[in-house]
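Have a look at the structure below, then the notes.
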Amino acid sequence: MKLTTCQTTWLIASFLLIPRQGGQDAHAQEKEISFNRDVRGILSENCFFCHGPDANKRKADLRLDEPGNFESDELLARIFSDDPDEMMPPPESNRSISDKERAVLKKWIAEGAEYEGHWAFEPPARTSNVELLTSNTERANEIDFFVETRLKKEGLNFSPEADKRTLIRRLSLDLIGLPPTVEEVEAFVKDESAEAYEKVVDRLMASPHYGERMVLPWLDAARYADSNGFQGDGDRHQYIWRDWVVNAMNANMPFDQFTIEQIAGDLLENPTQDQLIATGFNRNHVINGEGGAIAEEQRNNNVFDRVDTTATTFLGLTMACAQCHDHKYDPLSQIDYYRFFAYFNNLPESGKVDRRLGRVMVGNPVIDVATEEQIAKRKEFDKAISANKKSIRDNQKAIDVEVDKWWSALPKEKVSKRLLPVFGREFGTLDGYNQGYAREEYLRQSANADWKKWQADLDNANKGRDALMKQMKVVMVMGELEGDKKRKTHLLERGDYLAHGPEVQPGVPEHLHDLPKDAPANRLGLAKWLVAPENPLTARVIVNRYWQHFFGMGLVKTAEDFGVQGELPSHPDLLDWLAVEFRESGWNVKAMHKRIVMSRTYRQDSSVSPELRNRDPENRLLARGARFRLPAMLLRDQALALSGLLKKDIGGAPVYPYQPEGLWHEFSYEKFRYTPDTGEKLYRRSLYTFWRRTVGPPNIFDAANRQVCMVKPSRTNTPLHA
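Following our numbering, the numbering of the sequence shown begins with 117 at its first residue and continues without gaps.
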């Protein structure tokens with residue numbers, strides 16, 4: 117039934133007059149209701165599925181993720197109704213609004229139902245009073261201002277600073293991924309200077325092992341592996357890209373440049389080999405080399421993967437939800453998705469394995485990566501090949517004259533005959549002279565010494581070059597089709613590669629900021645948009661993951677989702693301050709890492725009282741130091757380091773440490789056999805262990821599977837982790 121105006125008014129009035137509950141809930145209700153903090157989550161969980169951004173699924177033409185629709189008397193009555201025929205959400209949706217949530221909605225409406233845009237889509241801004249630090253020390257850290265302000269509001273204080281042995285171990289594991297040596301610990305303990313801690317920080321950040329530690333989360337996000345995946349699971353040489361990332365992090369490459377080179381290094385003016393290698397970020401996806409795979413379907417899957425990886429890594433958005441329909445919760449339409457898709461759809465790839473070099477199976481486009489010595493040697497071979505071909509070509513006319521004299525004097529029966537296919541009958545022969553055979557025979561029998569030398573030198577140069585090329589590594593990179601070869605992009609109905617909808621042009625989500633004015637309509641334009649000052653997401657998303665690295669959990673717990681379904685930041689002003697500082701520092705990664713580890717917040721003792729554990733079990737208020745398990749790779753590396761076995765060489769091809777016999781053989785249907793390395797290669801860091809997608813390293817438990825982008829590591833609570 118439909119409620120009358122009188123019934124509606126009575127229902128609303130009744131709920132507005134409900135007395136407040138006592139105790140803690142009453143205290144909470146004294147606070148002014150914030151739409152983003154208190155209301156949006158209720159509506160997102162219970163209402164947006166049918167009344168959100170997805171225009172095709174929206175019911176009653178009612179949209180609740182935008183302002184201006186909360187004044188409807190009938191809407192409010194339905195939310196507050198207990199009548200199964202009238203209540204919203206309806207019982208068949210398996211969603212329900214609790215009494216506590218209704219009380220929040222009631223108070224919000226009573227306060228004027230003020231709407232707020234989603235926090236993550238608003239530009240980050242510095243808090244004006246950040247300079248009013250509560251600490252009087254000269255080394256006050258802005259991070260501590262925000263954390264201490266929140267703690268005082270909650271009636272809490274910082275924990276004491278951890279002891280020196282704990283601090284140097286924490287720093288060493290977080291910054292280089294290795295435990296400190298006994299000598300390093302003792303030196304730090306004995307150093308009583310005010311700069312002792314900072315000197316350790318600077319030493320560790322200058323270590324070449326810094327890049328090896330910091331690269332691990334990026335490899336998870338970039339779904340890096342040493343094989344293609346699927347049943348074929350052929351090997352690849354993408355470790356060249358992995359080494360590029362390590363070097364970039366050690367060199368403190370500004371994050372905006374780091375982003376641009378990985379998204380569009382090939383589109384820069386006169387790109388270097390390193391800039392081409394950088395684009396391997398978006399070629400780390402799986403490749404289906406199965407015989408029955410449909411090339412165009414797989415090519416589209418590759419593009420889907422690039423869209424999802426880029427959106428998750430840099431924007432913290434679940435853009436994949438708009439692949440088949442408008443996003444149910446975030447302002448991302450299906451048109452937005454395929455406009456974004458168009459940036460990655462113009463790659464000259466076939467969707468299948470195009471190049472096979474022994475066990476290495478890759479898809480175009482690729483580049484050959486050579487050492488300086490190999491490049492010089494290849495130039496020598498190319499020069500020799502060119503010179504000998506020229507000598508042979510220049511003398512060809514004279515040779516042809518001699519050949520003509522020779523074969524014209526031959527009897528007809530001495531001249532070789534060419535085979536002639538006769539359809540429907542056996543093969544026959546075609547009478548007449550075959551000059552090609554004649555020339556070859558003549559040259560073999562009567563060529564002068566110079567020609568023989570040129571031909572021998574040409575053969576040797578070709579063989580040498582072929583052998584050299586087999587030694588070079590092949591890296592999959594990005595590329596762009598030009599002119600008439602440019603690929604058109606269509607909206608794919610329900611995400612089906614065969615169901616072409618309207619044609620779309622490259623573009624960014626309409627709800628976010630515009631492209632920079634000088635941005636070209638290609639991946640380079642997209643890369644510049646990602647790091648533009650107007651972008652509200654990228655800086656926030658990245659500094660949040662840095663925080664996650666050092667504290668085990670981001671200020672936004674859902675590091676993979678900054679959209680409406682994600683969690684609110686525990687310290688929104690701090691997140692915004694860090695984002696603006698990161699951007700205005702020139703995207704200085706090491707400076708941001710140093711700022712975090714120099715803070716009092718980071719240096720706290722991690723001991724926790726029963727009271728604090730009950731009050732804040734996840735340490736969201738940051739009243740103590742972080743406590744979380746080491747990542748999978750660090751457990752093995754720590755064991756190798758403490759035993760004295762660790763080999764600290766940096767970079768290079770993957771290695772094959774010990775693993776139980778037969779694993780590869782079983783999982784690959786007897787296609788691959790694992791042959792362990794010998795000597796020092798057995799004891800290199802886990803970063804360099806060969807990562808086969810069908811059979812991940814068995815001694816690295818519960819790491820990312822490297823099949824898809826992952827920016828939030830799982831935390832294991834089981835002895836098997838160790």
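Beta carbons are placed, not taken as given, at the ideal position from N, Cα and C, and that holds for glycine.
Straight-line measurement puts the Cα of M369 at about 9 Å from the Cα of W703. The shortest CA-to-CA distance from G233 to any of A364, F698, T388, D446 is the one to D446. For K223, the enclosing alpha helix (DSSP H) stretches over residues 215–226.
By DSSP's assignment, V659 forms no beta bridge with any residue. Taking C-beta atoms as the reference points, F397 and Q378 count as a pair closer than 7 Å.
Around the C-beta of Q347, fewer than 16 other C-beta atoms lie within 10 Å, and the residue is accordingly described as exposed. The Cβ-Cβ distance between F497 and G580 falls below 7 Å.
If you draw a straight line from the Cα of S275 to the Cα of E727, it comes to about 13 Å. Around the CB of N730, fewer than 16 other CB atoms lie within 10 Å, so the residue is classed as exposed.
Counting every other CB atom within 10 Å of its CB across the protein chains shown gives Y785 a total below 16, marking it as exposed.
Cβ-Cβ separation between P625 and L798: approximately 48 Å, too far for a contact (criterion under 8 Å).
In the three-state reduction of the DSSP assignment, K589 falls in the strand class, which pools E and B. Bounds of the alpha helix (DSSP H) holding E377 are 371–380. Secondary structure of Q720 (DSSP, three-state): strand. As the crow flies, the alpha-carbon of V824 is around 18 Å from that of G350. As summarised for the segment 706–780, the continuous alpha helix (DSSP H) elements at least 4 residues long and confined to that stretch are 726–731, 748–759, given in chain order. In this structure, the beta-carbon distance from G405 to N344 falls below 7 Å. Here DSSP, grouped into helix, strand and coil, assigns E786 to coil. In the pairwise beta carbon analysis, the segment 421–440 is classified as touching the segment 454–468: at least three pairs are separated by under 8 Å. In the displayed model, M365 falls within a helix according to three-state DSSP. Pairing M749 with N417, the inter-Cα distance amounts to about 30 Å. Within a 10 Å sphere around the beta-carbon of F744 sit fewer than 16 other beta-carbons, which makes this residue exposed. For L628 and H401, the gap between their C-alpha atoms comes out near 27 Å. C-alpha of R716 to C-alpha of A427: approximately 33 Å in a straight line.
Ranking A742, M714, K710, V713 by CA distance to the CA of V724 puts A742 first. For I483, the uninterrupted beta strand (DSSP E) run begins and ends at 482–485, by DSSP. Between the segment 352–362 and the segment 756–770, the count of C-beta pairs closer than 8 Å reaches three or more; the two stretches touch.
In the DSSP assignment, V478 falls within the beta strand (DSSP E) that extends over 476–478. DSSP, reduced to helix, strand and coil, places S343 within a strand of the structure shown. The segment 323–330 makes contact with the segment 289–297; the number of CB pairs closer than 8 Å reaches 3 or more. Taken atom to atom, the span from the alpha-carbon of V620 to that of P632 is near 20 Å. Going by DSSP, G327 is part of the alpha helix (DSSP H) stretching over 325–337. Judged by DSSP in its simplified three-state form, T388 adopts coil rather than helix or strand. Around the beta carbon of C437, a 10 Å sphere encloses 16 or more other beta carbons of the protein chains shown; the residue is thus reported as buried. The segment 677–684 and the segment 149–161 touch, with three or more beta-carbon pairs separated by less than 8 Å. Here DSSP, grouped into helix, strand and coil, assigns H401 to coil.
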